[in-house]
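Using the UniProt record's numbering, you'd call the opening residue of the sequence shown number 1 and step up by one each time.
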Amino acid sequence: MRGLVPSGWGLGPRLIASILAVVLVAAGTAWAVAAVIGPIIFHDHMLQASHHDVAEHAELAFRAASELSLALALLVALVTSVIVTLFLTGRIGRSLASVRDAASEIADGDYGARVPQVGVGVEFDDLATAFNTMAADLEQIEGTRRQMLGDLAHEMRTPVATLNAYVEAVTDGVAPASEATWSVLREQVTRLERLAEDVNLVTTSEEGRLSMHRRSIDVAELLTAAATQAAQGYAAKDVHLHVDASPAADSSVHADADRMGQVLTNLLDNALRHTQRGGHVWLRAVRVGEVVRVIVRDDGDGISSEHLPHVFERFYRGDRARDRAHGGSGIGLAIVRSIVRAHGGTVHATSPGHGQGATFTVELPAVL
Ligand SMILES: Nc1ncnc2c1ncn2[C@@H]1O[C@H](COP(=O)(O)OP(=O)(O)OP(=O)(O)O)[C@@H](O)[C@H]1O
Ligand SMILES: [Mg+2]
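Below, the structure written as structure tokens:
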């Protein structure tokens, strides 16, 4: 009943308003008929009445006037309620049909389908809003799925093409089956293997199926283990790694040592990859109330504000060509985020901008 009642009205007030409208029209009709026809009928009867049958004529006139006004009022009420009912059910039917059509479009794979706000009451508007939110979420999930498959195919294409070219060259006798050839083949197979492992890891952890063996671990122990593992790579590139766990001394977290080790290794790998020779990386742990904060900061490339919100997305690489050349497939941080979340923690990245270093902060609940 758009236009006739305020748009914020619910279905209940709208129904009451229509019943009131019917009653008012009927009452109006009865009153109008009684007011117009009543006196005429009375007048006629009074003219016909003789001295002794006045009362009888008055009675007849009264009955005729009441019957007529009641009959007309009922007739008008009937017609009005039919019109109002047709109007209401038409609108409700049309809104339900729009939901049904949108639902079947979505079932057919058209995730762009939306339900219009038809103005049949707040209940329908709420239904349309909820439906549209669901459709938008599905559209986004479908987009991510499509993009993931595309990215995965893209990631596999390079190693598979290299493998193919080398195998063909060796088979045709164009290239020798030398140690160098085997090394290239092995490298590509390893890259594919790692990709499969990474995708599997990120999928299982996002589904919450990641097997974890959590125990209480000293934070300093976690940092030292990760730093020891990274030491060689850092020394080779001449990047200084500063480790300081003293602000979180004696703090423990309830974590899976291997998985958290992987988180720190991924962060330290990234920091090393994005820091120039002679640069610095700081690995620190701080206790803030009931939380342990592990911070990996570097003074390297930094991350521009346009890339910053996306670095934790699967397959996201800031510099596609360059990061790929380094062997990265852009899953490292997605793994970091899912492992940290599985531990009930959070991770976020900050950077003042390109060329000004980056800071990754992992927050985990401390064992109290
Ligand atoms: N410390 C950092 N400094 C600057 N940029 C970074 C840093 N860490 C991550 N990034 C940016 O975030 C992107 C995503 O990182 P992520 O670890 O997920 O992928 P990757 O390192 O490219 O590949 P992978 O870790 O799978 O080998 C990187 O490609 C890089 O552009
Ligand atoms: Mg990485």
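Every residue, glycine too, gets a C-beta built ideally from N, C-alpha and C.
Cβ contact (3+ pairs, closer than 8 Å) linking the region 300-315 and the region 343-354: At 8 Å Cβ cutoff, the stretches touch.
Compare the C-alpha of L267 against each of A236, A248, V25 and G328 and name the closest. Ranking the options by Cα distance to L267, first place goes to G328.
From E363, K237, V160 and D126, pick the residue whose C-alpha is nearest to that of P116; which is it? Considering only alpha carbons, the answer is D126.
Indicate the three-state DSSP secondary structure (helix, strand or coil) for A9 in the structure shown. At residue 9 the sequence reads Trp, which differs from the Ala that was named. Three-state result, W9: coil.
I think V362 touches V294, with their Cβ atoms under 8 Å apart; what is that distance to the nearest whole Å? Confirmed, about 4 Å.
Exposed unless 16 or more other CB atoms sit within 10 angstroms - verdict on N270: By the 10 Å Cβ count, N270 comes out buried.
Do the CB positions of A113 and A77 come within less than 8 Å of each other? Their beta carbons are not under 8 Å apart, which means A113 does not touch A77 by this criterion.
For ligand 2, is there any heavy atom lying closer than 7 Å to the beta carbon of G332? Remark: the C-beta of G332 is in contact range of ligand 2, defined as less than 7 Å to any heavy atom.
Completely contained alpha helix (DSSP H) runs for the region 167-238, where each covers 4 or more residues: The qualifying runs are 179-206 and 219-237.
Close Cβ partners of D198 (< 6 Å) along its chain, the five nearest in sequence each way excluded: Excluding sequence neighbours, D198 sits near I331.
Is A220 near P247, with beta carbons less than 8 Å apart? For A220 and P247, no; Cβs fall outside 8 Å.
Cβ-based neighbour list, P365, same chain, cut-off 6 Å, excluding 5 preceding and 5 following: G344.
For R277, which residues in the same chain have their Cβ closer than 8 Å to its Cβ, ignoring the five residues on either side in sequence? K237, D238 and V239.
Please report how far the alpha carbon of H51 lies from the alpha carbon of A64, in whole angstroms. Each residue's alpha carbon lies about 21 Å from the other.
Look up D298 in the DSSP assignment and say whether it is helix, strand or coil. In the three-state scheme derived from DSSP, where H, G and I count as helix and E and B as strand, D298 is classed as strand.
Between G173 and ligand 2, is the CB less than 7 Å from at least one heavy atom? No, the Cβ of G173 stays beyond 7 Å of every heavy atom of ligand 2.
Local conformation of A255 per DSSP, three classes: In the structure shown, A255 sits in a strand (DSSP, three-state: E or B).
Which one or two residues does DSSP pair with H348 in a beta bridge? Answer by DSSP bridge pairing, in chain order: T361.
Using alpha carbons as the reference points, say which of L86, T129, V367 and Q48 lies closest to residue 395. Here the chain comprises residues numbered 1 to 368, so residue 395 is not present and cannot be evaluated.
If we call anything under 8 Å between Cβ atoms a contact, is G10 one with E123? For G10 and E123, yes; Cβs fall inside 8 Å.
Cβ shell of A226 (< 8 Å), same chain only, five flanking positions each side left out: Hits under 8 Å: G261, L264, T265, L268 and L283.
Are the beta-carbon atoms of M212 and F315 separated by less than 8 Å? With respect to the 8 Å criterion, M212 and F315 are not classified as neighbours on the basis of their beta carbons.
8 Å CB neighbourhood of V99 in its chain, flanking five on each side removed: V115, L127, A128 and F131, listed in sequence order.
By DSSP, does R91 sit in helix, in strand, or in coil? Helix at R91.
Considering Cα atoms alone, identify which of D298, R297, H348 and L86 is closest to V311. When each option's Cα is compared against that of V311, the closest is H348.
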